[in-house]
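If you read the sequences in order, they're chains W and L. Read in order, the letters of the first sequence correspond to residues 1 to 656 in the UniProt record's numbering. Read in order, the letters of the second sequence correspond to residues 1 to 656 in the UniProt record's numbering. Backbone N, C-alpha and C fix where the C-beta goes; we use that ideal spot for every residue, glycine too. Bear in mind that the values here come from a model prediction, so they are computed numbers and not experimental data.
Protein chains: 2
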Amino acid sequence: MATVLSTDQYFPEEDGGLSAQQISVARMGHAARLLLRAETLLPDTRTVLDLMCLPVTALWCRVLRFDPAAPDWPDRDRFVVPSTTMLPLLRAMLRLTGGKEQMALPLEYGRHPALEVAPGPAGQGVAAAAGMALAEQTLSRRFGRSLVNHRTWVLAQDSDLVTGVAMEAAQLAGRFGLDRLAVLVAPSATADLADFTDSLTRFSGSGWTVRKVDATNLPAITTALAATLRARKPTLIACLPSATATIPADQKTTPEEELTGQWSPTARRGASTRRSWLRRFARHRQRAEFEREHTARQPTLFHEDWQRAWQWRMRTALDTSTQESGLAALHALSDTRPELVCLTASSAYSVPPTVREQAGWRAPPTVPGGQECSIQEHGMAGMLNGLALHGGLLPCCAASMMTVDRMRSAMRMAAFMRQKVLYLLTDDGLALGDSGGAWQPVEQLASLRATPNLAVFRPGSAEETFKCWEAALQWQNGPAVLVLCPRQNTPQRLPAPAYGSAVRGGYVLKQPEKRQVTLIASGPEVAIALEASHHLAQRNINAAVVSIPCWELFAGQPASYRRTVLGNAGLRVGIEAASGFGWERWLGPDGLFVGMDDFGTSAPANALYERFGITAEAICEKVEHHLFASGAARGPSLYAPDQPRTRVRGPLLTRP
Amino acid sequence: MATVLSTDQYFPEEDGGLSAQQISVARMGHAARLLLRAETLLPDTRTVLDLMCLPVTALWCRVLRFDPAAPDWPDRDRFVVPSTTMLPLLRAMLRLTGGKEQMALPLEYGRHPALEVAPGPAGQGVAAAAGMALAEQTLSRRFGRSLVNHRTWVLAQDSDLVTGVAMEAAQLAGRFGLDRLAVLVAPSATADLADFTDSLTRFSGSGWTVRKVDATNLPAITTALAATLRARKPTLIACLPSATATIPADQKTTPEEELTGQWSPTARRGASTRRSWLRRFARHRQRAEFEREHTARQPTLFHEDWQRAWQWRMRTALDTSTQESGLAALHALSDTRPELVCLTASSAYSVPPTVREQAGWRAPPTVPGGQECSIQEHGMAGMLNGLALHGGLLPCCAASMMTVDRMRSAMRMAAFMRQKVLYLLTDDGLALGDSGGAWQPVEQLASLRATPNLAVFRPGSAEETFKCWEAALQWQNGPAVLVLCPRQNTPQRLPAPAYGSAVRGGYVLKQPEKRQVTLIASGPEVAIALEASHHLAQRNINAAVVSIPCWELFAGQPASYRRTVLGNAGLRVGIEAASGFGWERWLGPDGLFVGMDDFGTSAPANALYERFGITAEAICEKVEHHLFASGAARGPSLYAPDQPRTRVRGPLLTRP
């Protein structure tokens with residue numbers, strides 16, 4: 001059905017000297033160079049842009065699937081420019097392809113449709129491009145090459161290649177065989193060529209095809225691009241300055257002259273490619289599905305199907321922890337939403353050896369429709385952005401809560417671009433107690449909550465986990481995070497809300513007659529708060545219990561709702577196995593926080609909960625103590641830093 | 001003066017078959033294997049440990065400078081075991097070298113002197129080891145090989161090598177020529193050997209010597225170790241399982257028998273090496289200096305000298321921004337404290353092109369006594385931990401505030417291990433407005449403040465920057481961060497404190513007769529708050545101004561002090577060009593926060609300050625409005641999330 005263009009169509013065989021097409025490319029390259037000359041650029045930038053001018057022109061003239069009339073049609077080639085430095089080259093290409101309407105728009109992410117990705121830290125763009133290539137691979141398997149048949153090109157800088165995120169993404173791209181990904185790069189003016197060659201070696205050692213071409217030699221460029229179209233691996237095209245040839249002297253033409261000449265066929269080619277795609281699309285049997293997924297609509301009866309699938313899976317779950325429930329919901333989602341792509345870090349299912357040796361333990365099943373990303377979480381998170389930016393997919397990842405520190409740069413880009421990415425973060429709380437103190441998340445929750453556009457969910461029961469999953473899917477502002485905990489004595493369901501509901505971010509679980517104390521908790525600590533409220537009731541203290549699974553949603557509720565939930569008077573106690581930073585928002589100046597204001601230590605989870613006083617008994621005592629002492633001096637005394645540990649280490653110079 | 005041991009002393013030439021020494025190593029390897037057999041290990045772990053047993057034994061028997069009587073003497077070889085998985089091998093080595101006192105200690109960081117680094121995320125240990133090797137290189141240049149002459153050995157896992165942080169650190173190690181760094185690694189039992197070989201290629205492409213040895217072939221191991229001692233590059237020794245040979249069958253000895261036999265000479269060799277070092281040390285002319293630096297004492301009159309050097313440098317500073325002042329203090333510090341090592345990321349001095357083209361602009365001088373780390377901030381931050389752990393140095397780095405996201409994993413390890421590392425973070429606030437919205441730090445400050453043991457300083461004037469520098473040096477709990485801003489109209493000095501002082505973390509700058517409003521600010525926003533207070537005074541509103549450069553220090557003050565500074569009644573207004581997350585701690589439930597609750601946009605800094613309403617006029621109006629409306633409903637209304645931006649992007653399927 002599909003007419004896949006062969007390589008020869010792009011690059012007919014040449015018969016000595018430059019072919020007519022190559023001459024036209026060379027003239028276009030010259031026109032682009034004239035346009036660059038009009039820009040105010042730093043000398044170093046100008047050198048690199050001049051060097052990349054001919055390869056990029058050859059790509060745009062002969063290879064790139066790009067229609068200036070519809071720069072965002074789904075089956076276009078993605079031309080990713082991840083840095084502001086290289087943008088003038090994209091601007092020149094857009095100018096020459098003659099999309100006049102688009103030239104009126106500023107070349108900024110979200111405002112110009114041809115800008116595939118927002119400029120970000122070095123390397124993020126390469127990772128995002130790898131994600132786009134993965135999206136293409138995934139979609140072409142589902143819809144076939146007649147609907148999905150495009151490539152991802154990256155105009156990178158040499159500084160992109162040396163970053164950890166790019167190297168992780170490169171490894172993943174090599175492992176996944178993303179043969180439709182190609183990176184064009186030139187050494188910067190100040191770069192050491194040996195360093196640059198080292199970068200190429202590292203990419204070559206990550207399963208990539210690396211081609212070096214003379215950036216002034218058009219036949220060589222043409223050959224390299226043609227070879228890229230046939231490649232079975234991701235390709236890195238290193239455009240090197242020529243040792244002998246120089247850039248040809250200026251011909252007496254202006255860009256405007258060229259526009260009326262040779263270039264317009266490029267735009268015509270793009271338009272014709274798109275029209276034939278639209279014809280194929282119109283009669284494609286998966287058209288409705290493709291359209292639904294590309295407009296991010298939910299299938300009919302989706303929620304009912306999803307919930308049923310989740311309930312079915314929970315029947316065979318090992319326990320009622322939020323982690324089991326959240327992962328069951330993920331599996332159920334992949335049953336009902338084929339556009340789900342889940343990248344999984346190996347940390348997501350990290351199991352302490354002691355647990356692994358327990359009877360009845362079995363390895364959790366891998367998530368279908370996804371890829372295993374080992375421990376390259378930063379590269380993975382960068383690729384998720386590309387999956388989201390590509391469109392037509394619902395990108396999701398599973399990783400351990402601790403790896404957030406490595407993914408943050410990429411998560412921030414997702415939040416900035418308001419992309420719908422779902423992060424399932426497992427092993428929160430004190431779960432990993434056995435394997436060392438530095439491993440327990442402490443400040444991660446606070447740092448996620450401080451990020452704009454990002455919603456953080458920390459559910460307190462198996463059922464609440466599913467509700468939070470639904471709310472995360474519906475969150476419109478950007479990415480969402482589900483923080484999951486393997487604590488085994490988390491209840492299947494919490495009591496019915498006494499006021500409000502989980503989808504409002506915070507609600508009252510238990511409402512006594514006359515509220516003296518409000519226990520506010522999230523995650524598995526909600527169950528502890530409920531238990532503490534029973535203890536307090538025995539001591540004639542009326543404690544309400546509030547679950548607050550999502551601060552962002554709760555903050556969006558009317559002030560009257562929040563006031564009713566949090567209680568107008570009495571002591572407020574926050575309970576969360578994490579840093580108390582930011583909790584004053586809900587507790588007020590006289591509140592009490594029970595959590596971790598230091599790193600954990602190596603001990604089993606239950607012992608750690610006791611050590612940090614996150615148990616019903618300890619909370620009960622603290623509340624009683626506070627209530628009795630409440631006549632005394634008020635002030636934010638709970639946040640005084642603890643005493644420094646004695647220094648154990650240090651050189652021993654004097655011992656004989 | 002120094003007697004540097006030659007390679008031949010370790011490995012005498014063999015004359016066919018195993019030499020006597022090699023036979024003794026083989027017997028020790030066997031003893032170690034018996035000890036491992038007594039541990040409860042997962043099968044995969046056991047395979048790797050068994051494989052590494054002979055190479056590690058050979059290293060400990062013949063090469064490692066280690067004295068069981070003083071496992072922490074300064075010129076020991078560092079044997080870094082960065083994962084809990086590999087610890088049983090270290091335990092076996094310690095057991096066999098017979099340090100009985102040490103065997104009583106648990107093998108945990110901070111409790112056992114032989115554990116050089118706390119287990120952390122994959123790759124962090126390799127980066128820390130690179131830092132230790134850099135420390136050795138730096139110190140040996142200052143004190144000569146007679147005092148500093150050791151190596152750093154890492155017992156890594158293959159998963160360490162594929163991480164971004166390890167690859168960044170490997171590039172830096174290659175670039176710095178850290179030839180005394182060697183990594184021993186074996187493929188894990190489940191690893192794909194092709195993937196493992198790819199890892200080796202990447203290290204080889206980062207300026208490393210990569211040696212593959214058969215892990216069962218003792219002469220080959222011996223040769224590889226001997227070659228490592230002569231290497232001119234960092235070395236990676238890949239210990240591969242043998243295709244033919246198998247691990248020799250059990251001989252009928254027990255570890256206890258071996259202890260009395262061949263191994264004790266190893267301990268004797270270590271003791272004798274250390275004794276001769278102590279003799280050289282006793283008569284070394286730099287002894288006092290070496291001792292002072294290794295015990296982290298300050299030189300006499302240090303503060304006076306430093307301040308004078310800083311003042312001298314400030315005379316030629318371009319402006320009075322906290323960034324200029326902080327970097328001047330860094331340069332002044334390196335004049336007075338030769339143990340300062342400053343790693344600099346290229347982002348530290350990133351200058352927008354518009355500024356760079358201004359008349360009078362000159363490139364800032366590079367920091368002496370340091371290394372340039374390009375954009376490999378994650379590897380750099382990992383190396384800083386190694387520099388600190390090595391001892392004898394004052395590690396410091398300069399990088400852009402935005403790169404915190406990439407350094408966080410490593411910073412967290414520094415905080416957990418309470419290591420003294422100083423991070424100078426430049427380009428805070430809205431300075432980088434021109435180059436794009438994702439580049440402005442928003443949530444970074446909050447996330448740093450939420451980290452335990454870490455002190456965050458954000459000074460408000462050139463002079464306060466120096467005071468914060470002093471306080472950061474004196475912070476005992478762990479690392480410290482100085483957040484610096486290039487805002488040019490920051491004052492040289494703030495008014496004299498009306499109450500308190502900067503070293504207490506927060507103090508009153510301006511105290512009106514009857515306080516109605518308290519403006520609380522940090523960084524360059526203090527000057528804006530002062531200006532706003534003048535505006536308010538004209539409208540007959542008495543506003544106090546509080547500068548709060550360090551939350552951690554301020555939280556450690558007595559409650560009465562904090563109450564006096566923040567004011568008992570009236571409106572509190574927080575002003576900071578960052579997310580307001582966590583500010584409720586100081587503002588209380590009715591406070592007002594002026595800052596950024598969204599990502600920035602691309603515009604010049606001043607325009608952005610106006611857009612976010614961080615100007616004296618806008619603050620003044622907000623305060624007035626709030627005071628007039630204060631009779632109305634109270635509640636945390638300021639934290640409602642903003643409206644979602646309209647989605648600009650999305651596939652256009654219907655256009656013809």
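Close CB contacts of P74 of chain L within its chain, under the 7 Å cut and outside five residues either way in sequence, are with H294, G391, G392 (chain order). Interface criterion met: the Cβ of L200 of chain L is under 9 Å from a Cβ in chain W. Per DSSP, reduced to three states, the secondary structure at L229 of chain W is helical. Boundaries of the beta strand (DSSP E) around R572 of chain W: 571 to 575.
Taking 9 Å as the cut-off between beta carbons, the residues of the segment 440 to 452 of chain L near chain W are V442, E443, Q444, L445, A446, S447, L448, R449, A450, T451, P452, in sequence order.
Residues are counted here when their Cβ sits less than 7 Å from a Cβ of chain W; for the segment 404 to 421 of chain L these are D405, R406, R408, S409, R412, M413, F416, R418, given in chain order. In the three-state reduction of the DSSP assignment, W153 of chain L falls in the strand class, which pools E and B. Below the 7 Å Cβ cutoff, chain L contributes no neighbours of D319 of chain W, its closest Cβ being approximately 22 Å away. As for any alpha helix (DSSP H) of minimum length 4 sitting wholly inside the segment 427 to 512 of chain W, the runs are 444 to 449, 462 to 474, ordered along the chain. Around the C-beta of W60 of chain L, 16 or more other C-beta atoms lie within 10 Å, and the residue is accordingly described as buried.
Relative to the Cα of H378 of chain W, the nearest Cα in the group W:R412, W:L394, W:A388 belongs to W:R412. Residues of the segment 571 to 590 of chain W with a C-beta less than 7 Å from any C-beta of chain L: S579, F581, G582, E584, R585, G588, P589, listed in chain order. Separation of the CB atoms of N453 of chain L and G478 of chain L is rounded to 4 Å, and the pair is thereby assigned contact status at 8 Å. Excluding five sequence positions before and after V210 of chain W, the CB atoms of its chain that fall closer than 7 Å to its own CB belong to L200, F203, S204, L236, A238, given in chain order.
Runs of alpha helix (DSSP H) with 4 or more residues, each lying fully within the segment 74 to 101 of chain W, are found at 87 to 97, listed in chain order. In terms of beta-carbon proximity, D598 of chain L lines the interface with chain W, with at least one pair separated by less than 9 Å. Around the Cβ of K514 of chain W, a 10 Å sphere holds fewer than 16 other Cβ atoms; the residue is exposed. If you ignore the 5 residues before and after Q488 of chain W, its C-beta comes within less than 6 Å of the C-beta of D319, S321, all in its own chain and listed in chain order. Residues of chain W whose Cβ lies closer than 9 Å to the Cβ of S206 of chain L are, in chain order, D198, T201, R202.
Not one beta carbon of chain L lies nearer than 9 Å to the beta carbon of D179 of chain W.
The continuous stretches of beta strand (DSSP E) do not include V25 of chain L, which lies in the alpha helix (DSSP H) extending over residues 20 to 37.
When the alpha-carbon of E463 of chain L is set against those of L:R62, L:A328, L:G574, the nearest one is in L:A328. The CB of V165 of chain L comes closer than 7 Å to the CB of G164 in chain W, given here in chain order.
DSSP, reduced to helix, strand and coil, places Q376 of chain L outside both helices and strands of the structure shown, so it counts as coil.
What H30 of chain W touches in chain L, judged by beta-carbon distance under 8 Å, is nothing: the nearest beta carbon there is about 26 Å away. Looking at L:S447, L:A605, L:A578, L:A345, the one whose alpha-carbon comes closest to that of V404 of chain W is L:S447. Within chain L, the residues placing a beta-carbon under 8 Å from that of M402 of chain W are P121, ordered along the chain.
A559 of chain L and G567 of chain L have their C-alpha atoms some 12 Å from each other. In the structure shown, L389 of chain W falls within a helical segment according to DSSP collapsed to helix, strand and coil. By the 16-neighbour rule on beta-carbons within 10 angstroms, I23 of chain L is exposed. Taking a contact as a CB-CB distance under 8 Å, the pair V442 of chain W and A578 of chain W counts as one, their CB atoms being some 6 Å apart. Distance check between A70 of chain W and each of W:R275, W:P395, W:F466, W:M132 places W:R275 closest, using alpha-carbon atoms only. For S19 of chain W, not one C-beta of chain L is nearer than 9 Å to its own C-beta.
The beta carbon of R418 of chain L lies closer than 7 Å to those of N453, N477, G478 in the same chain, with the five residues before and after it left out.
For T518 of chain L, the uninterrupted beta strand (DSSP E) segment begins and ends at 517 to 521. Using beta-carbon distances, Q376 of chain L counts as an interface residue toward chain W, with a partner under 9 Å.
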